[in-house]
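Going by UniProt numbering, the sequence shown opens with residue 1, and the numbers climb by one from there.
One structure is given below, encoded as C-alpha cells.
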Amino acid sequence: NNSSSNKVKVNNNYAAANPMDANAVNVNVLQTVQSLTSATETIVSTPALPATASLIQCISARNWDMTMSRMAVNESLLHSSGCSEAKEWGMAPLLSPSQEQQVLPIHVACISKPPIEVMDWLLHAYLPGAAAQDPKEGKLPIHLALMRGASYDVIRALSEAYPAGLRTRDKENGRLPIHYACIWRDRAICQILLQIYPAGVRAQDGSGSTPLELAQMSGNPKKRDVVELLREWDTSAVQQQQPPLSPPGDSSSMKQQHQRRTYHHNASVRRQEYAKSKSSSTNTNSSSASLYVSAVASTETRQHSYNHGDNAKINHHSMGTLPLIGSNNYNMGVSDENIDLLLSQLVQSRAKLISDDCVLSNNADKMRAVKSKSRCLHQQKDSLQKKIDSRKNKIAGRNTVIENTRREIESLMAIIAEEERKIKLESKSLDGDLQRLKDVESAEEELVHEMQSLEDEKVNIKESMNEKILTLEGFDAELRRLAT
1 NNSSSNKVKV
11 NNNYAAANPM
21 DANAVNVNVL
31 QTVQSLTSAT
41 ETIVSTPALP
51 ATASLIQCIS
61 ARNWDMTMSR
71 MAVNESLLHS
81 SGCSEAKEWG
91 MAPLLSPSQE
101 QQVLPIHVAC
111 ISKPPIEVMD
121 WLLHAYLPGA
131 AAQDPKEGKL
141 PIHLALMRGA
151 SYDVIRALSE
161 AYPAGLRTRD
171 KENGRLPIHY
181 ACIWRDRAIC
191 QILLQIYPAG
201 VRAQDGSGST
211 PLELAQMSGN
221 PKKRDVVELL
231 REWDTSAVQQ
241 QQPPLSPPGD
251 SSSMKQQHQR
261 RTYHHNASVR
271 RQEYAKSKSS
281 STNTNSSSAS
291 LYVSAVASTE
301 TRQHSYNHGD
311 NAKINHHSMG
321 TLPLIGSNNY
331 NMGVSDENID
341 LLLSQLVQSR
351 AKLISDDCVL
361 SNNADKMRAV
371 KSKSRCLHQQ
381 KDSLQKKIDS
391 RKNKIAGRNT
401 VIENTRREIE
411 SLMAIIAEEE
421 RKIKLESKSL
431 DGDLQRLKDV
441 ESAEEELVHE
451 MQSLEDEKVN
461 IKESMNEKIL
471 TLEGFDAELR
481 RLAT
C-alpha cells in the first residue's frame with residue numbers, strides 16, 4: 001500500500017511465474033451468454049446504462065450482458081495493445097455504499113455475486129488483480145467475495161488464481177479469508193480454503209480469535225457443519241510451519257537474492273573454465289597445474305556454498321580435488337583449513353586476474369549492448385529526422401498555399417469592397433429614382449382627379465345644355481303657335 005499515491009502496487013512477477021491454465025478460463029462467448037441467462041434472472045431490475053459506460057459501471061449495475069460485451073472488446077485490446085479496462089483503477093463504493101474509493105473491476109465484481117464466466121474473464125485479462133488489496137481496508141478480492149456471498153466456483157477460481165491470498169490478512173480486522181468464510185459461508189467453501197492452506201484452521205485474527213471461535217459466535221445458519229469441519233481439521237490435520245509470505249507486490253528481496261545467486265553461479269563457471277584453459281596452456285609441471293585447478297575448484301565451491309547459505313563443511317571429494325592434491329599433504333597431518341588457507345594464498349594473484357577478466361568481459365558485453373543500442377538510436381534518429389524533414393517540406397508547401405490563398409482572398413476582398421461601393425452608389429440612385437417615381441405617381445393621381453372633375457363638369461354642362469335646348473324648343477313651339 002503506497003501512502004503517497006494511495007494505490008496498490010501488484011507484483012506482476014507473480015503472474016509471470018504462476019501462469020493460469022488456459023483450460024481454467026472460459027472465453028467462449030456463446031456459452032457465456034447462454035449461462036448468463038440464469039444469473040441475470042436473480043436480479044430484480046437492471047438499470048439502463050449508456051453505451052459508453054465503463055467496465056466498473058457495468059459490473060456495479062450487475063448488467064452482466066453488457067459486462068461480457070465490454071470484456072469481449074477488452075480481450076481484443078489485450079491481444080493487440082496489451083491494454084485492458086481490467087487493469088485500470090477507478091472510483092466506486094465497496095462495503096460502504098456512500099463512500100467511493102479506488103478499486104479495480106475485480107473488487108467490484110466480488111461484491112456483486114458475479115457469474116463464474118465474468119470472474120474467469122477478469123482473471124484472464126489481469127491475473128495480478130487477484131493479489132490487489134483495496135487501499136482503504138486492505139482486503140483482497142477473495143475477502144470481499146467471501147463477505148458478499150460469491151458462488152462456490154468464484155471462490156475456487158480466486159483461491160487457485162492467488163493461493164497466497166489465503167495467508168493474507170486485511171488491515172481492518174487482521175483476518176484471513178478463512179475467518180470470513182467461517183462467519184458467513186458454508187462447509188464446502190471452508191473446505192476449499194483449508195485444503196489450500198491447512199494452517200489457517202488455527203490462525204488468529206487481530207483480536208486473537210480462531211476460525212472455530214468465530215464460527216461458534218456467529219449467527220451463521222450453517223455454522224454447525226462449519227464447526228464440525230473445523231474440529232476435524234484441527235484434530236486430524238498435521239500442522240506444518242509455513243513461512244510467511246511477503247505482501248503482494250513486495251518481492252524485491254527474493255528477486256535480488258535470485259539475481260545474486262545466478263550471477264555468482266555464472267561467474268563461478270566462467271572462472272573455472274578460464275582457470276582450466278590457463279592451466280592447460282602454461283608450461284608448468286603437471287603437479288602445479290593440478291594444484292592450481294584444485295585450488296580454484298575448492299575456492300569456488302566454498303564461495304558457492306556460502307552464497308547459498310550452506311554452512312556445512314566443504315566436501316572436496318565432490319569436486320575431485322583430493323586426488324589432484326596428492327596424499328603427501330594428508331600424510332603430514334595438515335588439516336583441511338590449513339590446506340584451504342595455503343591454496344587461497346597460492347591463487348590470490350591469479351584470482352584477481354580472473355576477476356578483472358570477468359569485469360572486463362562484463363564491460364565488453366555492456367559496451368556491445370550500448371553500441372547496439374546506440375546504433376538503434378541513431379537509426380531511429382535518422383528515421384525521425386527524415387520524417388521531420390518531410391513534414392517540414394509539407395508544412396512549407398502548405399504555408400505557400402496558405403499565403404497564395406491569403407493573397408487571393410485579399411484581392412477578392414478589394415473587389416468586394418469596390419462592388420459594395422458601386423452598390424451604395426446604385427442604391428443612392430435607386431433612392432432618387434424611387435422618389436421621382438413617387439412624385440410622378442402623385443402628379444398622375446392629381447391629373448386623374450382633375451380629369452374626373454372635368455368629366456363631372458362636362459356632364460353638368462351637358463345636362464344644362466339639354467335643359468336649355470328643351471327650353472328653346474318650348475320657346476320655339478310657343479313662337480310658332482303665336483305666329484299662327
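The beta-carbon is built from N, C-alpha and C at its ideal position, and this holds for glycine as well.
- Between Pro451 and Lys438, what straight-line distance do the alpha-carbon atoms span, to the nearest angstrom? The residue you call residue 451 lines up with position 451 of the sequence shown. The residue you call residue 438 lines up with position 438 of the sequence shown. One point to set straight first is that residue 451 is Met, not Pro, in the sequence displayed. Using only the alpha carbons, I get a separation of about 20 angstroms.
- State the Cα-Cα distance for the pair Lys386 and Asn393, rounded to the nearest angstrom. Taking the sequence shown and counting its residues from 1, one reaches residue 386 at position 386. Taking the sequence shown and counting its residues from 1, one reaches residue 393 at position 393. Roughly 11 angstroms between the two C-alpha positions.
- Note the first and the last residue of the continuous beta strand (DSSP E) segment covering Gln102. Looking up residue 102 in the sequence shown gives position 102. Residues Glu100 to Val103.
- Item | At least three beta-carbon pairs within less than 8 angstroms, the stretch 140-150 to the stretch 83-90 | no
- Message: Strictly by DSSP, which residues pair up with Gly397?
- Response: Here residue 397 corresponds to residue number 397 of the sequence shown, with the count starting at 1. Gly397 pairs with nothing; no bridge assigned.
- Item | Residues of its chain near Glu232, where Cβ-Cβ distance is below 8 angstroms and the 5 sequence neighbours each way are ignored | By 1-based counting over the sequence shown, the position of residue 232 is 232. Nothing meets the Cβ criterion.
- With distances taken from CA atoms, which of Val448, Pro97, Ile423 and Lys171 is nearest Pro135? For the purposes of this step, residue 135 is taken as residue 135 along the sequence shown, with counting starting at 1. Nearest of Val448, Pro97, Ile423 and Lys171 to Pro135, Cα basis: Lys171.
- Message: Tell me the residue span of the alpha helix (DSSP H) that contains Ala125.
- Response: Working through the sequence shown from its first residue, we reach residue 125 at position 125. Start and end: Ile116 to Ala125.
- Item | Residues near Arg148 by beta carbon distance below 7 angstroms, same chain, minus five either side | The residue given as residue 148 occupies position 148 in the sequence shown. Same-chain partners within the cutoff: Cys110, Ile111 and Lys113.
- For Arg202, the nearest candidate out of Glu420, Ile409, Asp234 and Leu447 (CA to CA): Walking along the sequence shown from the start, residue 202 turns up at place 202. Selected option, being the one with the closest Cα: Asp234.
- Which same chain residues, not among the five before or five after Ser183, have their C-beta less than 8 angstroms away from its C-beta? Counting from 1 along the sequence shown, the entry for residue 183 is found at position 183. It is Ile, not Ser, that sits at residue 183 in the sequence shown. Excluding residues within five positions, the ones whose Cβ falls inside 8 angstroms are Leu214, Ala215, Ser218 and Asn220.
- Item | Gly206, DSSP secondary structure in three states | Residue numbering aside, residue 206 sits at position 206 when the sequence shown is read from its first letter. Looking at Gly206 - three-state DSSP - the assignment turns out to be coil, as it is neither helix nor strand.
- Could you give the DSSP three-state label for Gly90: helix, strand or coil? Within the sequence shown, residue 90 is the residue found at index 90, counting from 1. Reduced to three states, the DSSP call for Gly90 is strand.
- How about Lys223 and Asp186: do their beta carbons lie closer than 7 angstroms? The residue labelled residue 223 in the question sits at position 223 within the sequence shown. The residue labelled residue 186 in the question sits at position 186 within the sequence shown. Not a contact, by the Cβ cut-off of 7 angstroms.
- Endpoints, alpha helix (DSSP H) assigned at Tyr152: To locate residue 152, count along the sequence shown from 1; it is residue 152. Tyr152 to Ala161 is the extent of the alpha helix (DSSP H) around Tyr152.
- Going by CA-CA distance only, name the one from Tyr197, Ile155, Ala150 and His107 that's closest to Arg167. For the purposes of this step, residue 167 is identified with residue 167 of the sequence shown, where counting begins at 1. Answer by Cα proximity: Tyr197.
- Query: Do Leu158 and Ala130 have their C-beta atoms within less than 7 angstroms of each other?
  - Reply: Here the question's residue 158 lines up with position 158 in the sequence shown. Here the question's residue 130 lines up with position 130 in the sequence shown. Contact flag set, yes.
- Item | With 16 other Cβ atoms within 10 Å as the buried cut-off, status of Cys376 | Position 376 of the sequence shown, counted from the first residue, corresponds to residue 376. Exposed is the call here.
- Let me know if Gly432 comes out buried or exposed under the rule of 16 or more other beta-carbons within 10 Å of its beta-carbon. Position 432 of the sequence shown, counting from 1, holds the residue named residue 432. It is exposed - the Cβ of Gly432 has fewer than 16 other Cβ atoms within 10 Å.
- Message: Distance check for Tyr152 and Ala199, CA to CA, integer angstroms please.
- Response: Numbered from its first residue, the sequence shown carries residue 199 at position 199. Numbered from its first residue, the sequence shown carries residue 152 at position 152. C-alpha separation (whole angstroms): 21 angstroms.
- Task: Put Arg70 into one of helix, strand or coil per three-state DSSP.
- Result: The count along the sequence shown starts at 1 and reaches residue 70 at position 70. In this structure, Arg70 counts as helix in the three-state DSSP scheme.
- Query: Near Val103, what residues of its chain come up, given a Cβ to Cβ distance below 8 angstroms and the 5 sequence neighbours on each side ignored?
  - Reply: The sequence position of residue 103 within the sequence shown is 103, counting from 1. If we look at Val103 and ignore the five residues flanking it on each side, its Cβ neighbours are Ile56, Trp89, Gly90, Met91, Ala92, Leu94 and Asp134.
- Message: So, with DSSP's three-state summary, where would you put Arg407?
- Response: In the sequence shown, residue 407 corresponds to position 407, counting from 1. Arg407: helix per DSSP, three-state reduction.
- Member of Ser98, Pro97 and Ile59 whose CA lies at the smallest distance from the CA of Ala86: The count along the sequence shown starts at 1 and reaches residue 86 at position 86. It is Ile59 whose Cα lies nearest to the Cα of Ala86.
- Reference Leu122, options Ser390, Glu403 and Ala72, closest by Cα: As a position in the sequence shown, residue 122 is number 122, starting the count at 1. Checked all of Ser390, Glu403 and Ala72; the closest Cα to Leu122 is Ala72.
- Helix, strand or coil for Ser112, going by three-state DSSP, please let me know. Taking the first residue of the sequence shown as position 1, residue 112 is located at position 112. Here Ser112 sits in coil by DSSP.
- Item | Of the listed residues Ile192, Leu193 and Arg175, nearest to Ser207 (C-alpha basis) | As a position in the sequence shown, residue 207 is number 207, starting the count at 1. For the residues Ile192, Leu193 and Arg175, the minimum Cα distance to Ser207 belongs to Arg175.
- Item | Beta-carbon separation (whole angstroms), Leu193 vs Pro177, contact threshold 8 angstroms | Start at 1 with the first residue of the sequence shown, and residue 193 comes out as number 193. Start at 1 with the first residue of the sequence shown, and residue 177 comes out as number 177. Contact holds; Cβ gap of about 6 angstroms.
- Query: Alpha carbon to alpha carbon, what distance is there between Arg70 and Ile160?
  - Reply: Counting from one through the sequence shown, the residue named residue 160 turns up at place 160. Counting from one through the sequence shown, the residue named residue 70 turns up at place 70. Inspection of the sequence shows that residue 160 is occupied by Glu rather than by Ile. Cα to Cα, Glu160 sits roughly 25 angstroms from Arg70.
- Item | When Met119, Glu410, Met68 and Glu137 are compared against Gln101, the one with the closest alpha-carbon | Locating residue 101 in the sequence shown gives position 101, where the first residue counts as 1. Closest by alpha carbon: Glu137.
- Sequence-distant residues of its chain with Cβ nearer than 6 angstroms to Asp225 (five each side left out): Counted from its first residue, the sequence shown places residue 225 at position 225. Once the five neighbours on either side are set aside, the close Cβ partners of Asp225 are Arg187.
- CB of Ile155 within 7 angstroms of CB of Ile189, strictly: Translated into positions along the sequence shown, residue 155 becomes position 155. Translated into positions along the sequence shown, residue 189 becomes position 189. A contact, by the Cβ cut-off of 7 angstroms.
- Message: On the DSSP letters alone, give me the boundaries of the alpha helix (DSSP H) that Gln211 sits inside.
- Response: The count along the sequence shown starts at 1 and reaches residue 211 at position 211. The question names Gln, but residue 211 is Pro in the sequence shown. Start and end: Pro211 to Met217.
- Cα-Cα separation, Met413 to Ile423: Numbered from 1 along the sequence shown, position 413 holds the residue referred to as residue 413. Numbered from 1 along the sequence shown, position 423 holds the residue referred to as residue 423. So the two alpha carbons sit approximately 15 angstroms from each other.
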